[in-house]
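S.K.: I'd like to ask some things about the structure below.
Residue numbers (the numbering used here): 10 to 247.
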């Protein structure tokens, strides 16, 4: 992982694309982005993180058709002034991110793609990834894997995987707009499926720089994640 750099001036024209088009299946169908977290919906925390971040100029929110008006109202009620538009996502993450890139202001230079369900992302994590992408074209925050990792075949452990070579990737993943647009367009054209946007960009041969993530930058996926996120928030308030 790269060493932390000294604070720099903000790159121009950074647009955060917040992907919030999932179905919340692992939450039993309840919209996890509207669940209360320390007195505000999960999505409000996510949007506010980018609203407060100095290096982010614009926000585009991508969601399901039925969520456009509720999310627009939510953003207005929580004072999210950087939000430029709320646009409909697609049937896949690739299609949804492409919709967000298309909806971003024309002069956008860097796109910071972030999961709407990661409400605890810090300004430091966002800023470092943005500055790294401004230098090299692509960057993503990671955290070292804590657990021992095993390779499984036919239900049996067959090998250890060296933990010191592994990290878990987070969001925001930040790219030069034209790089990500080309990567996702190619993926869609060839009917390729990638687990995240970094993988699509790597398929072009573009190196993605690893920046510092945070173990607090958790993704709300199952009901157990809400009290975990609240514990992090309560610790910050102490």
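Where is the CB? At the ideal position from N, CA and C, for every residue including glycine.
Can you give me the start and stop residues for the beta strand (DSSP E) that residue 119 sits inside?
M.R.: Along the chain shown, read from residue 1 onward, the residue named residue 119 stands at position 110. Run containing residue 119: 119 to 124, per the beta strand (DSSP E) assignment.
S.K.: Under a three-way DSSP split, which group does residue 101 fall into?
M.R.: Stepping through the chain shown from its first residue, residue 101 is reached at position 92. Residue 101: coil per DSSP, three-state reduction.
S.K.: By Cβ distance, which residues of its chain are closer than 7 Å to residue 217, with the 5 residues on each side in sequence left out?
M.R.: Within the chain shown, the letter at position 208 stands for residue 217. Only 147, 148, 149, 207, 210 and 211 meet the Cβ criterion.
S.K.: Leaving out the 5 sequence neighbours to the left and right, which residues in its chain are closer than 8 Å to residue 157 when beta-carbon positions are compared?
M.R.: Residue 157 sits at position 148 when you count from the first residue of the chain shown. 169 and 172, listed in sequence order.
S.K.: Thinking C-alpha only, which one of 118, 72 and 91 is nearest residue 103?
M.R.: Numbered from its first residue, the chain shown carries residue 103 at position 94. Checking every option, the nearest Cα to that of residue 103 belongs to 72.
S.K.: Within a Cβ cutoff of 6 Å, which residues of the same chain sit near residue 89, ignoring the five residues on either side of it in sequence?
M.R.: Residue mapping note: residue 89 aligns to position 80 of the chain shown, counting from 1. Same-chain partners within the cutoff: 56 and 60.
S.K.: By the DSSP assignment, the alpha helix (DSSP H) with residue 91 in it spans what residues?
M.R.: As a working note, residue 91 is residue 82 in the chain shown. It is not in any alpha helix (DSSP H) - residue 91 carries neither H nor E in the DSSP assignment.
S.K.: Would you mind sorting residue 62 into buried or exposed? The rule is 16 or more other CB atoms within 10 Å of its CB.
M.R.: As a first step, residue 62 is located in the chain shown; it is residue number 53 there, counting from the start. Classification for residue 62: buried.
S.K.: Quick check on DSSP: helix, strand or coil for residue 157?
M.R.: Counting from 1 along the chain shown, the entry for residue 157 is found at position 148. The answer is coil: DSSP assigns residue 157 none of H, G, I, E or B.
S.K.: With distances taken Cα to Cα, identify the nearest neighbour of residue 242 among 114, 46 and 52.
M.R.: In the chain shown, the residue the question calls residue 242 occupies position 233. For residue 242, the nearest C-alpha among the options comes from 46.
S.K.: Run through DSSP, which three-state label would residue 30 get?
M.R.: Walking along the chain shown from the start, residue 30 turns up at place 21. Of the three classes helix, strand and coil, the one that applies to residue 30 here is coil, per DSSP.
S.K.: Three or more beta-carbon pairs under 8 Å between the stretch 95 to 102 and the stretch 65 to 82, yes or no?
M.R.: Judged by Cβ distances under 8 Å, the stretch 95 to 102 makes contact with the stretch 65 to 82, as three or more pairs qualify.
S.K.: Taking 8 Å as the threshold, find out whether the stretch 120 to 138 comes into contact with the stretch 180 to 194 through three or more Cβ pairs.
M.R.: Contact between the stretch 120 to 138 and the stretch 180 to 194 is present, because at least three Cβ pairs lie under 8 Å.
S.K.: Per DSSP, residue 86 forms a beta bridge with which residues?
M.R.: Against the chain shown, residue 86 aligns to sequence position 77. Residue 86 pairs with nothing; no bridge assigned.
S.K.: Return the Cβ separation of residue 188 and residue 135 in integer angstroms, given the expectation that the two are a contact with Cβ distance under 8 Å.
M.R.: Along the chain shown, read from residue 1 onward, the residue named residue 188 stands at position 179. Along the chain shown, read from residue 1 onward, the residue named residue 135 stands at position 126. About 19 Å separates the two Cβ atoms, so there is no contact after all.
S.K.: Should residue 199 be labelled buried (16 or more other beta-carbon atoms within 10 Å of its own) or exposed?
M.R.: Residue numbering aside, residue 199 sits at position 190 when the chain shown is read from its first letter. That one is exposed.
S.K.: Is residue 44 closer than 8 Å to residue 235 when the C-beta atoms are compared?
M.R.: Within the chain shown, residue 235 is the residue found at index 226, counting from 1. Within the chain shown, residue 44 is the residue found at index 35, counting from 1. A contact, by the Cβ cut-off of 8 Å.
S.K.: If we call anything under 8 Å between Cβ atoms a contact, is residue 119 one with residue 151?
M.R.: For the purposes of this step, residue 119 is identified with residue 110 of the chain shown, where counting begins at 1. For the purposes of this step, residue 151 is identified with residue 142 of the chain shown, where counting begins at 1. For residue 119 and residue 151, no; Cβs fall outside 8 Å.
S.K.: Beta-carbon separation of residue 121 and residue 26 under 8 Å?
M.R.: Looking up residue 121 in the chain shown gives position 112. Looking up residue 26 in the chain shown gives position 17. Cβ distance < 8 Å, so residue 121 and residue 26 count as in contact.
S.K.: Applying the criterion that 16 or more other CB atoms from any shown protein chain within 10 Å of the CB defines a buried residue, is residue 21 buried or exposed?
M.R.: For this step, residue 21 is matched to residue 12 along the chain shown. Answer is exposed; the Cβ neighbour count stays below 16.
S.K.: Assign residue 62 to one of three DSSP states: helix, strand, or coil.
M.R.: Position 53 of the chain shown, counting from 1, holds the residue named residue 62. DSSP places residue 62 in coil when its eight states are reduced to three.
S.K.: Compare the beta carbon distance of residue 24 and residue 117 with 8 Å and say whether it is the shorter of the two.
M.R.: For this step, residue 24 is matched to residue 15 along the chain shown. For this step, residue 117 is matched to residue 108 along the chain shown. Contact flag set, yes.
S.K.: With H, G and I counted as helix, E and B as strand and the rest as coil, what does DSSP make of residue 182?
M.R.: Your numbering for residue 182 matches position 173 in the chain shown. Here residue 182 sits in strand by DSSP.
S.K.: Hey, residue 227 and residue 219: beta-carbon distance below 8 Å or not?
M.R.: Numbered from its first residue, the chain shown carries residue 227 at position 218. Numbered from its first residue, the chain shown carries residue 219 at position 210. The answer is no: Cβ separation not under 8 Å.
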